[in-house]
Every structure is written in C-alpha cells, then in structure tokens.
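Here the structure is laid out as structure tokens; the discussion comes afterwards.
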Amino acid sequence: MNNNDTLAQLVEKAAAIKTQMQTRIDDLRKMIADLARQIRHEEQAPVPLAEIDSRIPAFVAGRRAAWIEANGNGLILGRGDSRFVRGLGSPGYRGTIWPPEGLNNFLDVLCTARPDEATQLLRSLVAAVPFEAGTPSGERPASIERLKVQLAEREAEEERTVDEAVEAGLAVEHRPEVRRRRENEAAARAAEERAVAERRRRQAVLDEEHARSEGAPERDPATIMPPTRTTTLDADGAPVSARASASTYLKTGEIGGRDGVR
Amino acid sequence: MNIPTLSEAVCGLLTILSHGAGAGSTLQCQANAGRRIGAPTELPLPTRHKGRVEWIPSALLTALEQDSAPWSASLALQYRGRVSQLCVLAAVFPFVRSYFNPKDPARSTGKRWLWPEDEITAAQLRASTFLLPTQIIDGRCNVTVLWGLETPLDLRSDGARAIDLLQRLATATGAVVPADDVDLASLSIPIPGFGIAGHPVDANRVRCTLLNAGHAYSLEAIDAALRALSTATPAPARRARKQEQAR
Numbered sequence: 001m002n003n004n005d006t007l008a009q010l011v012e013k014a015a016a017i018k019t020q021m022q023t024r025i026d027d028l029r030k031m032i033a034d035l036a037r038q039i040r041h042e043e044q045a046p047v048p049l050a051e052i053d054s055r056i057p058a059f060v061a062g063r064r065a066a067w068i069e070a071n072g073n074g075l076i077l078g079r080g081d082s083r084f085v086r087g088l089g090s091p092g093y094r095g096t097i098w099p100p101e102g103l104n105n106f107l108d109v110l111c112t113a114r115p116d117e118a119t120q121l122l123r124s125l126v127a128a129v130p131f132e133a134g135t136p137s138g139e140r141p142a143s144i145e146r147l148k149v150q151l152a153e154r155e156a157e158e159e160r161t162v163d164e165a166v167e168a169g170l171a172v173e174h175r176p177e178v179r180r181r182r183e184n185e186a187a188a189r190a191a192e193e194r195a196v197a198e199r200r201r202r203q204a205v206l207d208e209e210h211a212r213s214e215g216a217p218e219r220d221p222a223t224i225m226p227p228t229r230t231t232t233l234d235a236d237g238a239p240v241s242a243r244a245s246a247s248t249y250l251k252t253g254e255i256g257g258r259d260g261v262r
Numbered sequence: 263m264n265i266p267t268l269s270e271a272v273c274g275l276l277t278i279l280s281h282g283a284g285a286g287s288t289l290q291c292q293a294n295a296g297r298r299i300g301a302p303t304e305l306p307l308p309t310r311h312k313g314r315v316e317w318i319p320s321a322l323l324t325a326l327e328q329d330s331a332p333w334s335a336s337l338a339l340q341y342r343g344r345v346s347q348l349c350v351l352a353a354v355f356p357f358v359r360s361y362f363n364p365k366d367p368a369r370s371t372g373k374r375w376l377w378p379e380d381e382i383t384a385a386q387l388r389a390s391t392f393l394l395p396t397q398i399i400d401g402r403c404n405v406t407v408l409w410g411l412e413t414p415l416d417l418r419s420d421g422a423r424a425i426d427l428l429q430r431l432a433t434a435t436g437a438v439v440p441a442d443d444v445d446l447a448s449l450s451i452p453i454p455g456f457g458i459a460g461h462p463v464d465a466n467r468v469r470c471t472l473l474n475a476g477h478a479y480s481l482e483a484i485d486a487a488l489r490a491l492s493t494a495t496p497a498p499a500r501r502a503r504k505q506e507q508a509r
C-alpha cells in the first residue's frame, strides 16, 4: 500500500464518518419532531370513546335539570303574570296556550322528556364521528411527562452531537431554538458580569472613601454649631446626658447619645 | 488584626444578622431621621440567602453612596411584620463626647469635641476578653459587640429567654442592660459606613473594628461562659489567697 492509497482511504473514512454523523443528527431531529408532535397530540387529542360515553349521562342529566329550572314554571303556569299567556296547568284555562320558549330547543327537550333515548342518541352521534383519540384523561399527565423526558433526552443528545460535529469540522447548525437559547444565555451571562463588575467598582469606591475618611482630621463641629447645652453632673460626677443616653436604650433600644462637656 | 473594608463589614453584618434565617424573613433597616422632619426611611431586606452575603444589597449600596444619615439594622429578624428570630446576641456600650482642650483641659481656649478613645477601646477589650465577638461595630456613641448564634432563637416562643440572655451578657461585659420589657423589634445596630446617630455634623463614620463572620456560638457555649464568669473567684479573694500562699 503506497501513501496515496492511505490518504484516499483516510479521506474516504472521514467522508463516511461525516455522513454517519449527519445521518445521526437527521435521525435525532426526526425523533425530536415526532416526540413534539406526540406531546401536542396528547395535550390536545380528544379522550377515547368509552370515556366520552361515560360523560354523556351526566351531560343529559345536567341539561334536563337546567331545562326544568328555566322552563318548568312556564310550561305549567304560562309566561310571566299576563292573564292572556297561560300554561297547561293554569287554573282559569281559556283561549290560547303559549308554549315556553325552551320547547324550541330539541336536544334539551329530548334530554328532559326522554333521558335514556337522549343518551342513546348522543352515543350514536359520537360513534358516527371519526376522530383520533388520545390516552384516557387520567393517564394523560403521566404520559405527557414521560414524553417530555424523552424529548429532553433526545434534544440534549442532538445538541451534543451537533457540538461534536462542529468540532470535527462539519458544517451543521444548531436548531433555531437552541441557537436562541444559547444567545439568551450568553446575553444574560454578559449582563450579570457587567452588573457584578459595576457593583465591585461601586463598592471599591466606597471602601476607598471610607478608608480615607478614617485617616482624615476630625472636623470641629463647634465652628458650625456652637454648643448651647450646659453640663449637669449627677451624684457620681458623670454627665446627666450620658445617663439619658443609656436610659433611652434601656427603654426603646434607640441608638445615639448626647454630648457631654468637660 | 486586619480591619475589614467597608464592604466586608456591611456584608459581614448582614450575614451575621441573618445567619440561619427562616424562609420569608426580613431584616429591617432604617434611616434615623435625625433633625429632619418626617417618617424614617425603612428598607426591609429579604433574607432569602442561607449562606454568606456576597454583595451589599443595591438599595443599601445606593444609600451608602448618597446618604450620610445614620442607618441601623434591626437586631431581630421579622416575619410578616413581627419579630420572629434572633440570630445574634449583642451588647451595647454608650459613650458621650466631650468638649475640651486635649492638651490642657483647664484652658478655655482650643477646645475640641473628642470621643473617649481609651474608654471605647477598653469596652471592646472587655467584651473580647469575655468571649471572642463575631463582630464589633464602633458607632462612637454606641459601640455594639455581636456574638453570632449557631441556631437562631425563635422569639415567638423564646422571647423571654432572649431578653434574659441579653441582660446577662450586658451585665457580664459591663454594657447597658436592657429593660425587662424591652421591645425586641426596636433594638437596632448601626450599619458601618453611615453617620453617627445624634451627631449629624461629626466627621466620624460608623466603622467595624473586628469581623469573624464564620464565628458563631451555640446557646450552651454562651450559657457556659456566663456561668463560668458568675462563679469565677473574685479578684480580691484571689489576691488574698496568693498573699497567704506567699507568706
């Protein structure tokens, strides 16, 4: 085997690796898209037929109760208190009977008058509609959670593979959401670094000023505000103002004393 | 002994005051209105952090940059407006400044306002000899010595115990003894870097002279130190025994 052969083999091998990586990335992206579609479906898909069937009797009972509540009185005694608009049970029955408005709603009337038949009717109607059902609602959160975990694993693997491919010199771009996330992370990191640097600078200035003021000669407040208070000494010879300061703390915990004059 | 910088002192103080704080607690900081009319400025700092405070909180940093009024932090932590925990024990030594000629006190000229430096140093030494403090804050008119607690005292159940400990500490160190009915919410500590309470034109600023932020004591250790002090042989008796032995 000569050198040219070896080089050709290496190039061939590199090309094969590139193709392999590209294929792997494509496969992972397909899996990610598929998992995202499954999650969307699980979140939005209707529940299975059996679960819908179990909901129908409660729906019918609800409509029945609502219709009786809204229209029962009108059916028996008529609408309002007008003596010309009578119901089927009006005591002084005479003239035209005005049916309550709720009689026009076929489904509600059926649910009220024939609940069993209404249930059967609705079941037949639902069965006639073609739809792709998801998992039962009770199992759905766990199923979505499992799919999200799988999705996160695939996304991480894809990101890692793309990083490796880029390092190997393959011209592959990250998915748009990964690019956006990385940009946001970099911006947040830069902002935090700026904030920390700014905070450090401000604190350093303060530290320096404080250290300088420690060494500065004391200002004589007498030149600004001449003392007007005279000293009163107590029995122990201590200024009364000192005792006042202590007693202030004792009572209220307030800090700050008063001046004494020697 | 290295004197901490202002940032270290403020961060250290906040760390000590909120060490072991419960979730949702706040540390109440307050600007002393002094001669200004109006309500005092309050700044509740949330104590979310469980560990060390790395940076001076923004609002306090701005106040340090812009305000020369004295600011203080509450000794006890608050929870929903009520005192909840005490993470530190404190002893307060009050001092007054005097107006005299330092070279010749009898002279009526050349007088200056001076703080009793010797007394201030002696008080700090006295407290340090009793038990190595976690932090000493020299606010000139109030020197505050702090001993951090390993586990905070719950003031809702142990309020009386906290006051008792503060009183015994003050008695042991010669500090001001808080009253039996002292309002724990009103006890406060001057924050380093700000002006001195009651002395708006004094050039001095509150400073920190000692900081051992990681140094905390258990209640048992403080109790033991207080008991040891109360049972120690009094100095005159010790002297008498020595003289007897010498004879």
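If you're matching them up, the sequences are chains A and B in order.
In terms of my numbering, the first sequence opens at residue 1 and continues consecutively.
In terms of my numbering, the second sequence opens at residue 263 and continues consecutively.
Glycine residues also receive a C-beta, built at the ideal position from the N, C-alpha and C atoms.
Since the model is a prediction, treat every value here as computed from it, not as a measurement.
Ranked by how close their Cα comes to the Cα of residue 480 of chain B, the residues B:465, B:336, B:369, B:409 have B:409 in first place. For residue 189 of chain A, there are no C-beta contacts with chain B under 7 Å, since the nearest C-beta of that chain is about 17 Å from it. Annotation: residue 278 of chain B has no Cβ neighbours in chain A at a cutoff of 9 Å; minimum Cβ distance is about 17 Å. If you draw a straight line from the Cα of residue 387 of chain B to the Cα of residue 357 of chain B, it is about 15 Å long. Counted as a single uninterrupted DSSP element, the alpha helix (DSSP H) harbouring residue 154 of chain A occupies residues 140-167. A Cβ-Cβ distance of about 15 Å is found for the pair residue 273 of chain B and residue 333 of chain B, leaving them out of contact under the 8 Å criterion. Positions of the alpha helix (DSSP H) runs, each at least 4 residues long and wholly inside the stretch 26-88 of chain A, are given as 49-77 in order along the chain. For residue 199 of chain A, the chain B residues whose Cβ falls inside 9 Å of its Cβ are 317, 318, 320, 323, in order along the chain. Taking C-beta separations shorter than 8 Å and ignoring five residues to either side along the sequence, the partners of residue 414 of chain B in its chain run 281, 282, 283, 284, 339, 347, 348, 349, following chain order. For residue 114 of chain A, there is no enclosing alpha helix (DSSP H), since its DSSP letter is neither H nor E. By the criterion of at least three beta-carbon pairs nearer than 8 Å, the stretch 60-68 of chain A is not in contact with the stretch 185-197 of chain A. In this structure, DSSP gives residue 304 of chain B an extended state, which the three-state scheme calls strand. Residue 202 of chain A reaches chain B at 323, 327, counting residues in chain order whose Cβ is nearer than 8 Å. Nearest CB-CB separation between residue 454 of chain B and chain A: below the 9 Å threshold.
With a cutoff of 9 Å on beta-carbon distance, residue 206 of chain A and residue 326 of chain B are scored as near each other. Between the stretch 154-170 of chain A and the stretch 20-30 of chain A there are three or more C-beta pairs closer than 8 Å, enough to call the two in contact. Proximity to residue 385 of chain B across B:438, B:456, B:304 peaks at B:438, based on C-alpha coordinates.
Listed by position along chain B, the residues whose Cβ is nearer than 8 Å to that of residue 26 of chain A form an empty set, because the closest Cβ is around 46 Å away. In this structure the stretch 70-79 of chain A does not touch the stretch 50-57 of chain A; the number of beta carbon pairs closer than 8 Å is below three. If only uninterrupted alpha helix (DSSP H) runs of at least 4 residues are considered, those enclosed by the stretch 380-445 of chain B are 417-435.
Taking 9 Å as the cut-off, the beta carbon of residue 355 of chain B is found closer than this to the beta carbon of residue 406 of chain B.
Within chain B, no C-beta atom comes nearer than 9 Å to that of residue 192 of chain A; the closest sits roughly 12 Å away. DSSP places residue 354 of chain B inside the beta strand (DSSP E), whose first and last residues are 344-356.
By the CB criterion at 9 Å, residue 351 of chain B and residue 472 of chain B fall outside the cutoff. At a beta-carbon threshold of 8 Å, none of the residues of chain B lie near residue 163 of chain A; the nearest stands roughly 32 Å away. Under the rule that a run must span 4 or more residues, the alpha helix (DSSP H) segments found entirely inside the stretch 444-498 of chain B read 481-493.
For residue 334 of chain B, no alpha helix (DSSP H) segment is defined; the enclosing uninterrupted segment is the beta strand (DSSP E) at 333-336.
Looking at the DSSP output, residue 293 of chain B shares a beta bridge with B:333. Chain-ordered, the chain B residues with CB closer than 7 Å to the CB of residue 210 of chain A read 268, 455, 467. If you compare the alpha carbons of B:432, B:475, B:450 with that of residue 442 of chain B, the shortest gap goes to B:432. For residue 276 of chain B, the uninterrupted alpha helix (DSSP H) run begins and ends at 268-279, by DSSP. Annotated three-state conformation of residue 106 of chain A is helix, per DSSP. Neighbours of residue 69 of chain A in chain B, taken as residues at a C-beta separation under 7 Å, are lacking, since the least C-beta distance is about 46 Å.
Under DSSP, residue 362 of chain B forms a beta bridge with B:374. In the DSSP annotation of this structure, the continuous segment of the alpha helix (DSSP H) that includes residue 320 of chain B starts and ends at 320-328.
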